[in-house]
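Protein chains in written order, with my numbering: chain G, 1 to 345; chain W, 1 to 345.
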């Protein structure tokens, strides 16, 4: 089995090299990286006044805090040229860490795309990671100024349930044959998971207007979303198509309804990308079907949308966390090649 | 006033250049940066079982989550040589963002120290930022399986109160004369603040054993802490001195009591660093006094401890957020020079 995996890995890597039309595929083992500029900033945010910030004598109960801002970390390679930036948007119960070094210690897509000459921007969704949540609801209830029902709808994803959602196998701890997530490093992966405030957020999620603001600031960016955030780039395009150079939605929790307004997607390069075992999953199979219907509807309205199953392009065994799978670099090289072909500079 | 500030800034920068003993001071305006390796990982963490993870049908209420892990992002410069790494530890209500690009868009100390040839490791304290908190207490109370008093002691720092704590001025919105924090970018700074779970954590804070584990993994590191985390490197040394090459505590919320066991600090290079206006602050002046007593006690026990007021080495006007002040690069160059002189390679 290990041998088969190794063979498949080599096969995938060579295919990825073929698929790329500009520049060689980046190997796992790399030399020095030259950055022209890097840093981090916030997009969006609004000031609110709260009387429920603290029950501690050292910190005032009342005052102003800023919420709904989105943390963004970026790196611009020395040889960026005119290539459009990529914005990486993580999914449920995770943070921007999703796109960084993999649980088994390999390069993340954040660096891979920089090495492919593309500025990369990695965000933390609002109310997650380094993007602040509003503590007022918790403080108010603990201080007995509101009922328990006023608490934010926060949840944690149990590892046993996430195992199935991330399609490591049909149910914990069974593993799909040939599945490529590095399970030997799963303890490091579970540490990536954080409490999720999604359901405590207004609609649309404040991440969406922040993405629109970021795309416009960048004057053209490819929005790459994953899972829970899969629909965000489409929602962003509905707000405004300004600044959106392309959309890559990796295993989206939802695609736009095929009956919805398709005009925002006219002319836009769109990729909906899926890993393996999707048809075996009661959670994911219906989503795949709806996304296929969306892609067809979008193309009828003039979009340049594709749905790609990684199995069909030489990468079998991909889990839901495919940017961290053993063949993540090969998949990333393939995706970078797709963007280079489809998104005009 | 603007002219005086500009003059002071130039004065500080030139002094910083003089203070450094190895390598030139890094200017604000820099060229390409060459990284030999970068990435992120977690240190520490433990699995817990919870029956209060979710009230949502899509996510199971019961299962395993990992808590108390510490997120670490690192960059190793191409010319690192044998210089000891620096670990940057943020303070109250903030995350590792503290050390990244400043609110007014200048290089952070995370990059400055890499440019000085030193590997840098930036952490998020446990239960903060990208380091997961445990949502069980919130879910349990919202699900009416526990009383409101079981909620975690979470708080947010109001901007008006933080203004005084960070010593932008004696009280909001007054400004100390010559104070160097870039207040024109304060809106961007307030976005850095996140809810603080410190008081919902066990003692010692799980960040402390995680720092010990990190220092040992790095086989020698300088722990640079700030404010609320100011005491963490000392607590880490009390657990074990292994891997601790030096301690820099910037404006600590507390120093170890001078009557406590000083043996962990014997032979250790220690710097307790302070900005301006400290004696004017009822919150900070007593802490300064106690830290001075600690430094004297540590030195009697064989430590190589110093307390430095930035005013005395040519950097007046430093706020509590001195790593983001207008003269942050000059101060960072001075600090890098101190480490180069005091910490053996």
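Where is the CB? At the ideal position from N, CA and C, for every residue including glycine.
So is residue i in contact with chain W if we call contact Cβ pairs under 7 Å?
{"i": "residue 332 of chain G", "result": "no"}
{"i": "residue 45 of chain G", "result": "yes"}
{"i": "residue 72 of chain G", "result": "no"}
{"i": "residue 345 of chain G", "result": "no"}
{"i": "residue 26 of chain G", "result": "no"}
{"i": "residue 35 of chain G", "result": "yes"}
{"i": "residue 129 of chain G", "result": "yes"}
{"i": "residue 138 of chain G", "result": "yes"}
{"i": "residue 308 of chain G", "result": "no"}
According to DSSP, is residue i part of a helix, a strand, or is it coil?
{"i": "residue 114 of chain W", "result": "helix"}
{"i": "residue 331 of chain W", "result": "helix"}
{"i": "residue 150 of chain W", "result": "helix"}
{"i": "residue 263 of chain G", "result": "helix"}
{"i": "residue 184 of chain W", "result": "helix"}
{"i": "residue 274 of chain W", "result": "strand"}
{"i": "residue 20 of chain W", "result": "With a pLDDT of only 38 at residue 20 of chain W, under the threshold of 50, the placement of this residue in the model should not be trusted, and no figure is reported."}
{"i": "residue 300 of chain W", "result": "helix"}
{"i": "residue 323 of chain G", "result": "helix"}
{"i": "residue 176 of chain W", "result": "coil"}
{"i": "residue 56 of chain W", "result": "coil"}
{"i": "residue 86 of chain W", "result": "strand"}
{"i": "residue 348 of chain W", "result": "Residue 348 of chain W is absent from the model: chain W starts at 1 and stops at 345."}
{"i": "residue 64 of chain W", "result": "strand"}
{"i": "residue 171 of chain G", "result": "coil"}
{"i": "residue 204 of chain W", "result": "coil"}
{"i": "residue 285 of chain W", "result": "helix"}
Does the beta-carbon of residue i have 16 or more other beta-carbons within 10 angstroms, so that it is buried, or is it exposed?
{"i": "residue 345 of chain G", "result": "exposed"}
{"i": "residue 337 of chain W", "result": "buried"}
{"i": "residue 233 of chain G", "result": "buried"}
{"i": "residue 203 of chain W", "result": "exposed"}
{"i": "residue 207 of chain G", "result": "buried"}
{"i": "residue 273 of chain G", "result": "buried"}
{"i": "residue 276 of chain G", "result": "buried"}
{"i": "residue 184 of chain W", "result": "exposed"}
{"i": "residue 102 of chain W", "result": "buried"}
{"i": "residue 47 of chain G", "result": "exposed"}
{"i": "residue 219 of chain W", "result": "exposed"}
{"i": "residue 237 of chain G", "result": "buried"}
{"i": "residue 320 of chain W", "result": "buried"}
{"i": "residue 115 of chain G", "result": "buried"}
{"i": "residue 310 of chain G", "result": "buried"}
{"i": "residue 267 of chain W", "result": "exposed"}
{"i": "residue 280 of chain G", "result": "exposed"}
{"i": "residue 188 of chain G", "result": "buried"}
{"i": "residue 259 of chain G", "result": "exposed"}
{"i": "residue 167 of chain G", "result": "buried"}
Between residue i and chain G, is any beta-carbon pair separated by less than 7 Å?
{"i": "residue 206 of chain W", "result": "no"}
{"i": "residue 42 of chain W", "result": "yes"}
{"i": "residue 132 of chain W", "result": "yes"}
{"i": "residue 144 of chain W", "result": "yes"}
{"i": "residue 53 of chain W", "result": "yes"}
{"i": "residue 302 of chain W", "result": "no"}
{"i": "residue 248 of chain W", "result": "no"}
{"i": "residue 39 of chain W", "result": "yes"}
{"i": "residue 295 of chain W", "result": "no"}
Listed from N- to C-terminal order along the chain, which residues in the region 56-70 of chain G have their beta-carbon within a distance smaller than 7 Å of any beta-carbon of chain W?
-> Within the region 56-70 of chain G, the qualifying residues are 56, 59, 60, 62, 63, 64, 65, 66 and 69.
Residues in the region 78-104 of chain G having any Cβ partner in chain A nearer than 8 Å | Among the chains of the structure shown, chain A does not appear; the protein chains present are G and W.
Within the chosen definition, does the region 216-224 of chain G reach the region 244-251 of chain G through at least 3 CB pairs nearer than 8 Å?
-> Touching, per the Cβ criterion.
Compile a chain-ordered list of the residues in the region 207-234 of chain G whose CB is closer than 8 Å to at least one CB of chain W.
-> Answer set for the region 207-234 of chain G: empty.
Residues, ordered as in the chain, of the region 272-289 of chain G that lie near chain W by beta-carbon distance below 7 Å | Answer in chain order: no residues at all.
Any residues in the region 171-205 of chain W with a beta carbon nearer than 7 Å to a beta carbon of chain G? Which ones, in chain order?
-> Within the region 171-205 of chain W, the qualifying residues are 188, 190, 191, 193, 194, 195 and 199.
Is there contact between the region 63-73 of chain W and the region 148-163 of chain G, where contact requires at least three CB pairs shorter than 8 Å?
-> Contact between the region 63-73 of chain W and the region 148-163 of chain G is present: three or more C-beta pairs spanning the two stretches fall below 8 Å.
Does the region 124-142 of chain W touch the region 193-207 of chain G, meaning 3 or more C-beta pairs lie closer than 8 Å?
-> Short answer: they touch.
For the region 111-124 of chain W, which residues have a CB atom closer than 7 Å to at least one CB atom of chain G, in sequence order?
-> Flagged, chain order: 111.
Could you run through the region 146-171 of chain G and flag, in chain order, every residue whose CB is less than 8 Å away from some CB of chain W?
-> Answer set for the region 146-171 of chain G: 148, 149, 151, 152, 153, 154, 155, 156, 157, 158, 159, 160 and 161.
At least three beta-carbon pairs within less than 8 Å, the region 282-300 of chain W to the region 323-340 of chain W = Contact fails: fewer than three Cβ-Cβ distances are below 8 Å.
Could you name the residues of the region 313-343 of chain W whose beta carbon sits closer than 9 Å to any beta carbon of chain G, in the order they occur along the chain?
-> None of the residues of the region 313-343 of chain W has a beta carbon lying less than 9 Å from any beta carbon of chain G.
The region 253-272 of chain W: positions lying closer than 7 Å to chain G by Cβ | Along the region 253-272 of chain W, none of the residues has a CB nearer than 7 Å to a CB of chain G.
Does the region 77-93 of chain G come close enough to the region 106-123 of chain G that 3 or more CB-CB pairs lie under 8 Å?
-> With three or more CB-CB distances shorter than 8 Å, the region 106-123 of chain G counts as touching the region 77-93 of chain G.
Report yes or no: do three or more beta-carbon pairs, one from the region 32-43 of chain G and one from the region 134-153 of chain W, lie closer than 8 Å?
-> Cβ pair count under 8 Å is below three, so no.
Sufficient close CB pairs (3 or more, under 8 Å) joining the region 164-184 of chain W to the region 324-334 of chain W = At 8 Å Cβ cutoff, the stretches touch.
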